[in-house]
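Student:
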Amino acid sequence: MKYMKKTGSGSCGRKASNQTAQVSRPARLFSEGCCGKITIQDVIIEAEVIPMFKVYRALLAALIALIVFLGMSALAEGGEVLMSGYCGAAEDNLIWVVDEDGILTITGDGDMADYADLSEQPWSDYSMSIRIVTLEPGVTGVGSHAFSGMQGLESVALPEGLESIGANAFSDGFTLSEVVVPAGTKTIGDNTFARCYNMTSVTLPASLTGMGSGVFDECYSLVVKVVKDSYAHKWCNEQGIVCEAEGTVQPQSDFTTTVSGGKATITGYSGTDADVIVPAQIDGVNVVAIGPSAFAGNTHMQTLSIAEGVETIGDRAFSGCSGLASAVLPDSLTDIADTAFENCHNLTAKVSDGSYAHDWCVKNGVDCDAEGAVQVLFTYIQENGAITVTGYSGGDTEVAVPEKIEGLYVKVIGANAFADDYNIRAVTLPEGVETIGGGAFARCYNLNEINLPAGVASIGTDAFKDCFNLTVKVADGSYAHKWCAENGVVFEAEGAAKVAFEYTIDNGKVILTAFTGDDIEIIVPGTVEGCPVSAIGARAFAGLYGLESVSLPESIASIGESAFAQCYNLTSINLPAGIASIGAKAFDECFNLTASVTAGSYAHKWCNENGVSCKAEGAAQVVFEYAVDGGKVTVTGYDGDDAEVVIPAAVEGSPVTAIAAEAFADCHSLSAVTLPESIAAIGENTFARCYNLRTINLPESITSIGANAFADCYNVTAAVESGSYAHQWCVQNGVSCESGAAEATDVEYTVSNGAVTVTGYSGDETEIVIAAEIGGYPVKAIADGAFSDDYMMRSVSLPEGIETIGKGAFARCYNLNTINLPESITSIGDGAFAECINLSAKVKTGSYAHTWCRNNGIVFEAEGTGEDEPGEVLKTCVLPESLTTIGESAFVNIAAEMVILPDGCVTIGSSAFANNLNLRKVYMPDSVTDIADSAFAGCEGLIFICESENAAAAYAYEKGIRYEIGTY
């Protein structure tokens, strides 16, 4: 529709709904297509790149043609494409397409990606209108929540070769009535078809070996079709799901049997199926046994399900079935030969907890999943008529060592038997255990508890070494009780007087290891059992949220790591003068704490160095001025004259988050400052003219540093985290800093005429900070192609002083998101950022870089820009002057906040800027006269900046879009 100029004035037109247009071709250059999700923040058309626009169209058209060629029937039938993209577990292994007929087609090879919920589905914008889902052959796994919540879904076509269907894949498909799961599918996840209220028929294949919980919850009208005696048949019966069982799993002629006393024994099998089900009956006779070597050497078989009723499996019955990965062993089994599954190296048996088959698997070292039980796998040897446990290969967190194995009592836990098992949290030993070998549970870092029976008479060296969280339960007065006390192992002695502290005694000195009471005020005793309390162990009081005050005795010499960490309400503690060691983070997150220390003591110094608020007896109190606002503290001044100042992490229980402007300005005595991790902002001139300031740490938490924060601090070197905001700020503002940033070791360069030109980069960092100087010479240039094709790089910080960026310097850095272009730049070569599809450059208003970005279609953020309200910075896309037509869907889902159309642009096509929630302003010159109805559909809050009361203004009035007369 063409619009002519409208007379009159006004900034707001009447409301009118914008209809979302159908896209007639997959011509969306910057939408979700063969390149995944791309936004305008990341890809901008340049005058020179306009031909590339056509190239992308051609590539995308070629891809769609290829998809059609490969068999995507939905496209071949003529449905016009609405959207497409990737949906594979490896991202680009699968492609999806939604067409105007409501058909979602997925093609490619491999598994789909999993999604946390329906909002993460890449096709979520169309989920309510999708009627048909077709997965082409090659798709092997349906992702979790892949098609959940599709309330208009009518039919699903699943391909041959499918192996798994993820949790909630089709849940809440209210209109779905029938699904056929293809042969070969092995697993179906939890709640896959839950709340498909109108589902009446699902066909499940004999190949299934696992189904989750709630698969058909609230499918009230459902009848499941299964193969008789299959896993699915059994599962349905167990779950009370109505099912129809037809046929048998394998032709009964594949089995050879002998019959005796009206009972059948399978003696051979001639089939070649991958999924084998041993039936309950053959020719009407109950199967009770599988004879010796009946299936031996069958390399075709991958899964096995033995029906209930089978009681015996003979010698070597499945020996050499090298492909067998899963076997369902029924509760009815009472006899399995030791060699029954010989050389089945990949086998995991599915058994019931406590069944004969379960015990047999444990005894014979066959990996098993026990329904309702954790897996238990021990290795052991027989010695002197008893069992020594030598190892454990399970992954359980709670392990119970059996009283007997093979009918013999377990007497010994061998050396290193459970060592380095990070999963174990609790161990139960039987009463018959007498010996625990050296290092038996060493480095079981998460082991919390173990019982040592009264009969234990020997415990080896380092049996519980580095079991930092362990409490041992012992009998009072037992060998184990004495051993724990002597070896510093935390214990609970049954029958002993209960005390509020847990402790160990080492060389006549007590180490407190835990507090088991609930007091809010604690007085730690000077002695326990007549021995002096000399240490607080690591994490001894950690996490005691109710604790408010602690009094330590003078005998304390050391406090372990994190001893009082996360005691959020701890307000006071005395740290005696005799303390000589305090571990890292001893008072971590004790936001309200003020420690009482002796002036000049180790504890005094430690508190200052670690940012712990303290009061020193006999010392002048360090005084900060501060303000509290919204529960956060800003340090506004400093009245002391210390050379070394530690700013606390909290004051009055509130975190210190900012240092105000000029707070430490002109503190000439100041030489070192330590800032807490809570600091987020440093104001202007904060440390200005601190001439003797040499060191300061700038935590990674900092997100803002004001101008001249370190003005005239000639000797300062800041400690920063590589790639952090503070790191970049220091580099850009010429403040000396130390970090792990990629500098001379990874940056290749040449030196000419006393200046450095960066020629390449050999590192693999994602965030790169180019130093202002390398080898003592200023960095002045980035050479042609210096960083080109670096796919790892995400951000680059260039120092003030850079003057030249060469041709293609950052070309094809597809993941480069941000780069600062300093005011000092005077030349940028052609294609410097070619194909940097995700880039947004930070520039200074009016700088050469600013002008260059505008002229070359690079998305930029201009600091101090005059293109909007004062102080506001918009991500801006300036389209090239040669542009006359913007095609259909060309800029759908862009992230730019402002788009400037050139004088000469005439036509804006259907859905050209549709659904751009970030788009706030578009400059409309008088040349624009043809705007499609849906060009700006779904752009909420959009404002047109119209050159005059032109055709675009008339369009805005018609569509209820706010417009203003002005210029950009």
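For the sequence shown, counting from 1, position 602 maps to 1152 in our numbering; every step adds exactly one.
All C-beta atoms, glycine included, are put in the ideal place defined by N, C-alpha and C.
Values in this document were obtained by computation on a predicted structure and should not be read as measured data.
1) For V1183 and S1204, which I take to be in contact (beta-carbon distance under 8 Å), what is that distance rounded to the nearest angstrom?
2) What's the gap between the Cα of L1429 and the Cα of K1471?
3) Looking at the secondary structure, which residues open and close the beta strand (DSSP E) in which N1370 lies?
4) Does the count of Cβ pairs from the region 1339–1355 and the region 1278–1287 closer than 8 Å reach three?
5) Give the secondary structure of E670 by DSSP, where H, G and I count as helix, E and B as strand, and everything else as coil.
6) Cα separation between C1363 and R1404?
7) Where does the unbroken beta strand (DSSP E) through Y942 begin, and where does it stop?
8) Please determine, among A920, E1159, A1149, the residue with the shortest C-alpha to C-alpha distance to A1134.
9) Within this structure, are the beta carbons of S698 and S721 separated by less than 8 Å?
10) Taking the runs of the alpha helix (DSSP H) that are 4 residues or longer, which of them lie wholly in the region 735–802?
11) By a C-beta neighbour count over all protein chains shown, 10 Å radius and 16 as the cutoff for buried, is I931 buried or exposed?
12) Note down, in chain order, each residue of its chain lying with its Cβ closer than 8 Å to the Cβ of P601, except the 5 sequence neighbours on either side.
13) Can you tell me the Cα-Cα spacing of D1314 and G1087, whole angstroms?
14) Quick check: the region 1184–1192 against the region 1142–1154, are at least 3 beta-carbon pairs closer than 8 Å?
15) Whole angstroms are fine: how far does the CA of T1309 sit from the CA of C1455?
16) Is it right to say G739 is buried, meaning 16 or more other beta carbons lie within 10 angstroms of its own, or is it exposed?
17) I need the DSSP call for V1223, collapsed to helix, strand or coil.
18) Check K1509 in the structure and name its three-state DSSP category.
19) Would you mind sorting D885 into buried or exposed? The rule is 16 or more other CB atoms within 10 Å of its CB.
20) Would you call A640 buried or exposed, if buried means 16 or more other Cβ atoms sit within 10 Å of its Cβ?
21) I need the straight-line Cα distance from Y665 to H783, nearest angstrom please.
22) Given a cut-off of 8 Å on the beta-carbon distance, is the pair A1359 and G1335 in contact?
23) Excluding the five sequence neighbours on either side, which residues of its own chain have a C-beta within less than 6 Å of the C-beta of Y1513, listed in chain order?
24) Which two residues bound the contiguous beta strand (DSSP E) that contains V809?
25) Pull the bridge partners of F1091 from the DSSP assignment, please.
26) Below 7 Å CB to CB, which residues in the same chain sit around E981 once its five sequence neighbours on both sides are set aside?
27) Assign N1057 to buried or exposed, taking buried as 16 or more other Cβ atoms, counted over all protein chains shown, within 10 Å of its Cβ.
28) First and last residue of the alpha helix (DSSP H) that includes T1401?
29) Give the straight-line distance between the Cα atoms of G501 and T690, rounded to the nearest whole angstrom.
30) Is the region 774–790 close to the region 805–822, with three or more CB pairs under 8 Å?
31) Roughly how many angstroms lie between the CA atoms of A597 and N1406, to the nearest whole one?
32) Tell me whether the beta-carbon of A1107 lies closer than 8 Å to the beta-carbon of R1089.
33) What's the call for D667, buried or exposed, on a 16-neighbour Cβ count within 10 Å?
34) Who are the Cβ neighbours of Y1518 in its own chain at under 7 Å, not counting the five residues just before and after it?
35) Answer with buried or exposed for M678, where buried requires no fewer than 16 other C-beta atoms within 10 angstroms of its C-beta.
36) What residue does the alpha helix (DSSP H) around C1164 start on, and which one ends it?
Tutor: The relevant details are as follows:
1) In this structure V1183 is in contact with S1204, their Cβ atoms being roughly 5 Å apart against a cut-off of 8 Å.
2) Cα-Cα distance, rounded: 14 Å.
3) First-last of the beta strand (DSSP E) with N1370: 1368–1370.
4) With a cut-off of 8 Å, the region 1278–1287 and the region 1339–1355 count as touching, because enough Cβ pairs lie within range.
5) Correct three-state label for E670: helix.
6) So the two alpha carbons sit approximately 20 Å from each other.
7) Residues 936–942.
8) Ranking A920, E1159, A1149 by CA distance to the CA of A1134 puts E1159 first.
9) It is a contact, given that the beta carbons lie within the stated cut-off.
10) Runs of the alpha helix (DSSP H) inside the region 735–802: 781–789.
11) Counting other Cβ atoms within 10 Å of its Cβ, I931 stays below 16 and is therefore classed as exposed.
12) Confidence is the limiting factor: at P601 the pLDDT is only 43, short of 50, which leaves the residue's position unreliable, though a coordinate-based value still follows. Cβ neighbours of P601 beyond the five flanking positions: none.
13) Roughly 41 Å separates the two Cα atoms.
14) These segments do not touch.
15) C1455 and T1309 have their C-alpha atoms spaced approximately 40 Å apart.
16) By the neighbour-count rule (16 or more Cβ atoms within 10 Å), G739 is buried.
17) Correct three-state label for V1223: strand.
18) If DSSP states are grouped into helix, strand and coil, K1509 belongs with the helices.
19) When all chains shown are included, D885 counts as exposed.
20) A640 is classed as exposed because its beta carbon has fewer than 16 other beta carbons within 10 Å across all chains shown.
21) C-alpha separation (whole angstroms): 30 Å.
22) Contact: yes.
23) If we look at Y1513 and ignore the five residues flanking it on each side, its Cβ neighbours are F1494, C1496, A1503, A1506.
24) Residues 805–810.
25) Paired residue(s): none; F1091 is not in a bridge.
26) Residues P1003, G1005 of the same chain have their beta carbon placed closer than 7 Å to that of E981, with the five preceding and five following residues left out of the count.
27) Label assigned to N1057: exposed.
28) 1398–1406 is the span of the alpha helix (DSSP H), which, as asked, contains T1401.
29) Residue numbering for the chain in the displayed model covers 551 to 1518; residue 501 lies beyond these limits and cannot be assessed.
30) Contact between the region 774–790 and the region 805–822 is absent, because fewer than three Cβ pairs lie under 8 Å.
31) With a pLDDT of only 33 at A597, under 50, the local geometry of the prediction cannot be trusted, and the value read off the model is given with reservation. Straight-line Cα distance between these residues: approximately 7 Å.
32) Not closer than 8 Å, so no.
33) It is exposed - the Cβ of D667 has fewer than 16 other Cβ atoms within 10 Å.
34) Cβ neighbours of Y1518 beyond the five flanking positions: E1417, I1450, Y1473, I1495.
35) Label assigned to M678: exposed.
36) Premise fails: C1164 lies in the beta strand (DSSP E), 1164–1167, not in any alpha helix (DSSP H).
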